[in-house]
Ligand SMILES: Nc1nc2c(ncn2[C@@H]2O[C@H](COP(=O)(O)OP(=O)(O)O)[C@@H](O)[C@H]2O)c(=O)[nH]1
Ligand SMILES: [Mg+2]
């Protein structure tokens, strides 16, 4: 059912549905993508070593997935599922590098195509057994918010890795996420769900995005431009030369796209 093993230079075609999977290293992004694909296509991390250092994707024909409730409405469209590196990937890949990598990948895949009729959504994954809420999680979510812009309804917040700690602790962590860290997103329309590690569960999570009325891919472009704002408000980051170059590249991109 994976139609094509795409490389970095995949080009989106009109009517593609692009699903980005984003989260910290070890949250279970690659595991999730493999469950969707029904194949060990993405490399899984062992121990504390992250595996995914590059944006990677696979193309799915939705009609071949029998559990997918949205299959019929997606006839003739491709789903491009995109696995991304965690923002805490390792010492020499900073948040900026990861943001740049994801934005560049999107731009390269999108650039030569018409903007209409591509729809996009983000699945943000979070390890429920993690009892501390790390600064990295905050930054990753800030990136997700910047990218999705005003389309919080195109973001699904998924909790992973159930059963690794006591159910009391899971409940505590879940309520902290829902009532505190994720509240701004859910108020604007993001949905919260659980991924239990099974294929059916992964497809259900993806179905939340596919079910919705598909809005244009323009949201992603607006989002890339918005990332700039997130970092511009951070002085330390905006002083870095390479980031400045990234910002001017983003501005050019924005001028080209919104002209
Ligand atoms: N128990 C449990 N382990 C998981 C789950 N998802 C991922 N893992 C494990 O967590 C580790 C990191 O997973 P990986 O998919 O590479 O995370 P990524 O860095 O977000 O891509 C691997 O050892 C997985 O087997 C899950 O839902 N439940
Ligand atoms: Mg991974």
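Residue numbers (this note's numbering): 73 to 331.
The C-beta atom is built at its ideal place from N, Cα and C for all residues, glycine as well.
Small disclaimer: the values here were computed from a predicted structure and weren't measured.
Two segments are said to touch when three or more pairs of C-beta atoms, one from each, lie closer than 8 angstroms; by this definition the region 172–182 touches the region 83–93. Here the region 101–108 makes no contact with the region 203–223; the two share fewer than three CB pairs at distances below 8 angstroms. As the crow flies, the alpha-carbon of residue 137 is around 14 angstroms from that of residue 130. The C-beta separation of residue 153 from residue 91 comes to about 5 angstroms, placing the pair in contact by the 8 angstroms criterion. Under a 10 Å Cβ-count criterion, residue 245 is classified as buried, with 16 or more other Cβ atoms of the shown protein chains found around its own Cβ. The bridge partners DSSP lists for residue 211 come to none.
Per DSSP, residue 198 is one residue of the beta strand (DSSP E) stretching across 191–199. For residue 136, the Cβ stays outside the 6 angstroms cut-off from all heavy atoms of ligand 1.
Residue 154 carries a strand assignment under DSSP once its states are collapsed to helix, strand and coil.
The C-beta distance from residue 95 to residue 182 rounds to 22 angstroms, too long to meet the 8 angstroms contact threshold. In the DSSP assignment, residue 250 falls outside any beta strand (DSSP E) and carries neither an H nor an E.
Between residue 279 and residue 232, the gap from beta carbon to beta carbon reaches 7 angstroms or more. The three-state secondary structure of residue 218, taken from DSSP, is helix. Taking 6 angstroms as the cut-off, one finds at least one heavy atom of ligand 2 near enough to the beta carbon of residue 101. A distance below 6 angstroms between beta-carbons, with the five flanking residues on each side excluded, links residue 151 to the following residues of its chain, in chain order: 89, 132, 134. Looking from the CA of residue 263, the closest CA among 272, 101, 283 belongs to 283.
In this structure, the alpha-carbon of residue 156 lies about 31 angstroms from that of residue 240. Your pair residue 110 and residue 98 does not check out as a contact, with CB atoms roughly 22 angstroms apart and the cut at 8 angstroms.
In this structure, the C-beta of residue 125 stays at least 6 angstroms away from each heavy atom of ligand 1.
The residues 104, 107, 108, 267, in chain order, have a CB closer than 7 angstroms to that of residue 274 in the same chain once the five nearest residues on each side in sequence are set aside. Bounds of any beta strand (DSSP E) do not take in residue 282; it lies within the alpha helix (DSSP H) bounded by 271–283. Beta-bridge analysis with DSSP links residue 266 to 231.
Taking the Cβ of residue 158 as the reference point, at least one heavy atom of ligand 1 falls within a distance shorter than 6 angstroms. 277 is the residue among 147, 277, 146 whose C-alpha sits nearest the C-alpha of residue 228. In the structure shown, the three-state DSSP call for residue 111 is coil.
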